[in-house]
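Input: a single structure, listed below in structure tokens.
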């Protein structure tokens, strides 16, 4: 009886091993595993938040005209150049699931992205306009207090608006890292994006 049971167990284990081997090395399965491996490797290399932060920091001097409401312009009526929309789309569209291998779907996705993109810019404009007023009313605050205010702004947008959430999250982290600094010492934070935003408002 024991020999019979042992034989059944050995046979079952052998069958399972063979089935697993066939599954793993089946052409279709191999493609899936390879694709998953490639995606995971890409995610290790690419950091969407860091890429967005770097992009805003590098291009802030050109972008701030759309975000900082210096001339009492309506944030709902921002005129965004097509070239800028296309640049963002090409760089970050895949992060928001808007790219497609089908040309017709790609056109549809881009039209939807244009709507989303304008909403993203509007949210940045509204938040930074609010922040600008707050800083003018409180010019002597330290970064600890500013960080708490930025957290409130961040919570209003996360997770609906991606761009402003990433920007505010970076600024909050900077404030938490240097809580005792003042606005006048913002350059000491070594956060290029935070420094440029504060200086521009």
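Residue numbers (the working numbering): 21 to 221. Ideal Cβ placement from N, Cα and C applies to all residues, glycine included.
Terminal residues of the alpha helix (DSSP H) in which residue 221 lies
Neither: residue 221 is in no alpha helix (DSSP H) and is coded neither H nor E.
For residue 158, three-class secondary structure by DSSP:
coil
Excluding sequence positions up to five away, which residues of its chain have a Cβ less than 6 Å from the Cβ of residue 211?
194
Between 220, 184 and 36, which has its C-alpha nearest residue 156's C-alpha?
The alpha carbon of residue 156 has as its nearest neighbour, out of 220, 184 and 36, the alpha carbon of 220.
Cut-off 8 Å between Cβ atoms - residues of its own chain near residue 140, not counting five sequence neighbours on either side
181, 182, 183 and 184
Rounded C-alpha distance that separates residue 50 from residue 215
Here the model assigns residue 50 a pLDDT of 48, short of 50, so the residue's position is not dependable, and the following value carries that caveat. A direct Cα-to-Cα measurement between residue 50 and residue 215 gives close to 48 Å.
Going by the DSSP bridge assignment, what does residue 202 pair with across the sheet?
162
I need the DSSP call for residue 94, collapsed to helix, strand or coil.
Residue state, collapsed to three classes: coil.
Taking Cβ to Cβ, would you say residue 273 is nearer than 8 Å to residue 203?
Lying outside 21 to 221, the shown extent of the chain, residue 273 is not represented and no answer is given.
Give every residue of the same chain whose Cβ lies closer than 6 Å to the Cβ of residue 39, excluding the five residues on either side of it in the sequence, and list them in chain order.
none
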